[in-house]
Every structure is written in C-alpha cells, then in structure tokens.
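Right, one structure below, let's go through it.
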Amino acid sequence: MESGYIKELFSSFQGEGPYTGRRQIFIRFAGCPLSCFYCDTTYARTPEPAYCSFINKNKNRAVALIENPIGSHSVLELVNELRTPDVHSICYTGGEPLLSAAFVNEIAKEARDMDYKNFIETSGYSATSFKSIVMNFDFASIDIKLRSHRAVEDGDYSRLYSNELDSVRISVDNGLETIVKVVVTRGTSVNEIERVCRDLSDLEIKFVLQPVTGADIKPDIEKLFTLSELAGSFLDDVMVIPQVHKCMGIL
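My numbering numbers the first residue of the sequence shown as 29 and each following residue consecutively.
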C-alpha cells in the first residue's frame with residue numbers, strides 16, 4: 029500500500045475554471061517543484077509536513093491533525109467522512125500532486141472503485157508522471173506556466189513548457205475533459221498568450237484565462253478583453269474566470 033504526505037483534506041466548492049461552484053472533496057498533496065511568484069498556497073510547498081489538516085464538515089469545520097505519512101486506505105476513509113450528495117468529484121491538488129504520482133494513482137484507482145469521479149489540478153510539469161496516472165482520472169485542469177511567472181529558472185523554462193504541452197496532449201488523447209488554465213498578471217504579454225494558444229490550437233480543450241488575485245499585480249479589464257479575443261482566434265472554448273473562492277472567503 030502506498031503512503032504519502034498530504035497538507036490538507038477538506039470539502040468545499042471549486043473556485044477556479046469552468047467547474048466553479050461544484051462541490052468537491054479536496055486532497056492537497058504536499059510539495060511543489062515550482063516557485064511561481066504569485067503562488068497563493070506557498071504553505072503547501074513543504075514536501076513532508078508532520079501533519080495533515082483534516083477539516084470535518086460535520087463538526088463545525090473543526091480541524092483535526094492527522095499524522096503524516098498517510099496510507100491510501102486511510103485517505104479514502106477520511107474522504108468518505110466528507111462525502112455528501114452534492115459532491116461532484118475528488119480534486120487532487122497541491123502543491124503539485126505529480127510529485128506523489130504513485131500515491132495519487134493508488135488513491136484515484138480505489139476512489140473510482142467507490143464510484144467517485146477524479147479531477148486533478150496540476151502544472152503537468154512531468155509528462156511521464158502524468159501519463160502514469162491519467163487512466164484513473166476523468167478531468168484534468170493543467171496550469172500552464174508562462175516565462176513571466178518565474179516558476180523555474182529561465183534556463184529550465186523550455187523543458188517545463190514542453191512537459192506541460194505534452195501533458196495536455198496526453199490528457200486529450202486519453203479522453204479526459206481537459207481544462208487549460210493560464211494565470212494572467214499585469215506583466216503578462218500578448219506574445220506569451222499567443223504562443224500558448226497557437227501551440228494548443230489543434231486540441232479540444234477548455235481554455236481559461238485566470239486573472240491573478242491581488243490588487244497590485246492583477247491585469248486591467250482591457251488587457252483581459254484583448255487576451256480573450258486573441259485566444260478566441262486560435263481556440264473554440266475560451267473563458268475568463270477569476271478565483272471565485274477568494275471572493276467567497278473559503279478554501
């Protein structure tokens with residue numbers, strides 16, 4: 029049985045992308061190899077936290093600390109405590125879940141046997157790791173990093189971007205509903221967005237421009253109109269959606 033490190037486990041509403049408002053059970057895996065300057069979950073970057081915070085919906089959202097590492101069966105027992113009739117899927121997020129690919133895969137496989145749908149949020153930074161887990165997922169939200177996001181050192185960016193594109197193709201080829209998200213900041217350039225859209229133009233995806241949360245770096249509305257129109261010239265399904273959970277004040 030696989031075991032691994034989880035930072036948080038809770039039930040909430042999806043706050044990003046086309047499934048905004050859907051109830052999900054979130055498993056936030058610990059650790060991330062990237063360092064995006066706008067990251068809003070820096071607390072999840074630590075690869076081996078001592079405890080997982082389990083937020084129980086039935087006890088006034090009381091937080092219980094569960095000792096890490098946790099086995100996959102124990103994770104699913106906790107997931108089942110959070111199951112409600114309105115749950116759309118289990119959301120595997122991070123951090124970066126692909127850092128724990130074998131652990132993620134075992135949980136996802138067992139979850140499918142329990143009639144859950146599986147939804148992964150990832151940067152797709154390792155196409156090899158993504159390919160190893162894709163067969164157990166129904167939805168993939170792949171967050172493509174721009175050079176201006178400073179997720180990696182400049183010399184490593186081309187490799188990261190290539191892996192992300194490969195992960196998108198793997199997702200589409202395996203029949204997952206595939207969402208590609210790009211965070212837009214004040215510094216995002218037209219050329220960056222055009223390159224991504226051109227490289228994805230032959231794939232059936234949902235494309236989300238997500239304005240960054242934070243008044244000091246968020247783009248103005250005119251930039252969003254311009255980038256949306258540009259994306260629409262390459263892709264059929266384009267939308268601009270902010271982080272709604274931030275507006276609601278929830279996880």
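Positions of the beta carbon are idealized from the N, C-alpha and C atoms, including for glycine.
Reference lysine 35, options Val91, Tyr47, Gly43, Gly45, closest by Cα: Of Val91, Tyr47, Gly43, Gly45, the smallest CA-CA separation from lysine 35 is found for Val91.
If you run the structure through DSSP and keep just helix, strand and coil, what is glycine 32? The three-state reading of DSSP puts glycine 32 in strand, counting E and B together.
Helix, strand or coil: how does DSSP classify valine 91 here? The answer is strand: DSSP assigns valine 91 an E or B state.
When you compare only the Cα positions, how much space is there between tyrosine 304 and leucine 258? An answer regarding residue 304 cannot be provided, because it is not within the stretch 29 to 279 covered by the chain.
Considering only C-alpha positions, which residue in the set Leu231, Val212, Arg226, Phe262 is nearest to isoleucine 269? When each option's Cα is compared against that of isoleucine 269, the closest is Val212.
Have a look at leucine 193 and cysteine 225 and give me their C-alpha separation to the nearest angstrom. Between the alpha carbons of leucine 193 and cysteine 225 lies a gap of roughly 11 Å.
Length of the line joining the Cα atoms of glutamate 220 and lysine 137: Approximately 36 Å between the Cα atoms of the pair.
Which one or two residues does DSSP pair with isoleucine 83 in a beta bridge? Paired residue(s): Val91.
Looking only at its chain, what residues have a beta carbon closer than 6 Å to the beta carbon of methionine 267, apart from the 5 residues adjacent to it on each side? Excluding sequence neighbours, methionine 267 sits near Val236.
Return yes when the Cβ of phenylalanine 165 is within less than 7 Å of the Cβ of serine 117, no when it is not. Between serine 117 and phenylalanine 165, the C-beta spacing is not below 7 Å.
With 16 other CB atoms within 10 Å as the buried threshold, where does isoleucine 198 fall? Buried, by the Cβ-count rule.
Between alanine 155 and asparagine 191, is the Cβ-Cβ spacing less than 7 Å? Contact: yes.
Whole-Å CB distance - valine 200 paired with isoleucine 233, under 8 Å assumed: The Cβ separation is near 7 Å, so the contact holds.
Under three-state DSSP, which class holds leucine 174? Three-state result, leucine 174: coil.
Assumed close pair proline 61, glutamate 124 - CB separation to whole angstroms, cut-off 8 Å: Rounded, the Cβ-Cβ distance is 6 Å, consistent with contact.
Close-in-space but distant-in-sequence residues of the same chain around serine 128 (CB under 6 Å, 5 per side omitted): Here the set comprises Gly32, Phe57.
Pick helix, strand or coil for glutamate 205, following the three-state DSSP scheme. DSSP places glutamate 205 in strand when its eight states are reduced to three.
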